[in-house]
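In full-length UniProt numbering, the protein residues as written are 1 to 242. Ideal Cβ positions, reconstructed from N, Cα and C, are used throughout, including at glycine. Reviewing the structure listed below.
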């Protein structure tokens with residue numbers, strides 16, 4: 001038995017990997033090839049009070065793209081502790097990985113900034129969409145009658161009781177030599193498209209509903225009269241040319 005004691009002691013020392021050489025921090029963020037020591041060195045490179053150890057306190061949190069973070073507590077060189085989040089980006093490439101530790105206050109400020117930026121993106125999209133809609137509305141409302149002497153009016157209706165549907169519910173596919181239209185107006189009861197003197201117009205429906213029919217009226221803009229009409233449905237497309 002005395003001969004076994006040194007062997008057991010030797011095995012226990014070799015089998016215990018120092019904290020710095022472990023990879024649990026990287027594993028916890030789904031990145032590879034980073035020891036705890038390497039991660040600490042990265043984090044401490046821009047911090048006045050260095051972290052000597054970081055331990056996770058919660059599960060992984062996924063963000064947009066390849067961003068991940070986990071709540072953690074950092075043991076600092078001055079003996080204090082700091083609660084926060086260990087964050088990383090670039091786990092998919094493993095070639096340009098960015099790792100940082102942010103405190104709870106820093107994370108709160110970070111999230112508020114992200115929310116402001118997200119709201120700005122939403123506002124920009126709405127503004128651009130409104131500007132585009134106004135542009136198309138102006139083109140439609142000021143379309144030259146000389147250049148576009150005709151107008152196509154498209155609408156769909158219930159083939160049984162002839163109730164009309166909103167134009168936006170018809171799921172039209174419109175191709176051909178067309179001019180400005182009122183497609184910018186999602187509340188319009190019918191779709192209106194300006195047509196030149198020599199035009200080709202093909203209208204199809206994406207909705208496979210046998211009870212929904214569609215109609216295309218070609219109207220003379222000078223007289224306001226319907227000069228031709230055609231009906232169709234999902235199974236029968238409408239083609240009109242002049």
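{"Check": "Residue 84 in three-state terms, based on DSSP", "Outcome": "strand"}
{"Check": "Nearest-angstrom beta carbon gap, residue 145 and residue 222 [assumed within contact, 8 angstroms]", "Outcome": "7 angstroms"}
{"Check": "Sufficient close CB pairs (3 or more, under 8 angstroms) joining the segment 162-171 to the segment 186-193", "Outcome": "yes"}
{"Check": "Given residue 33 as reference, the closest of 227, 99, 117 once Cα atoms are compared", "Outcome": "99"}
{"Check": "Per DSSP, the bridge partner or partners of residue 145", "Outcome": "In DSSP, residue 145 forms no bridge with anything."}
{"Check": "Beta-carbon proximity of residue 177 to residue 202, cut-off 7 angstroms", "Outcome": "no"}
{"Check": "Cutoff 7 angstroms; reference residue 57; Cβ partners in own chain excluding five residues on either side", "Outcome": "71, 72, 73"}
{"Check": "Cβ-based burial, residue 142 [other Cβ within 10 Å; buried from 16]", "Outcome": "exposed"}
{"Check": "Counted within 10 angstroms of its Cβ, other Cβ atoms place residue 170 as buried (16 or more) or exposed", "Outcome": "buried"}
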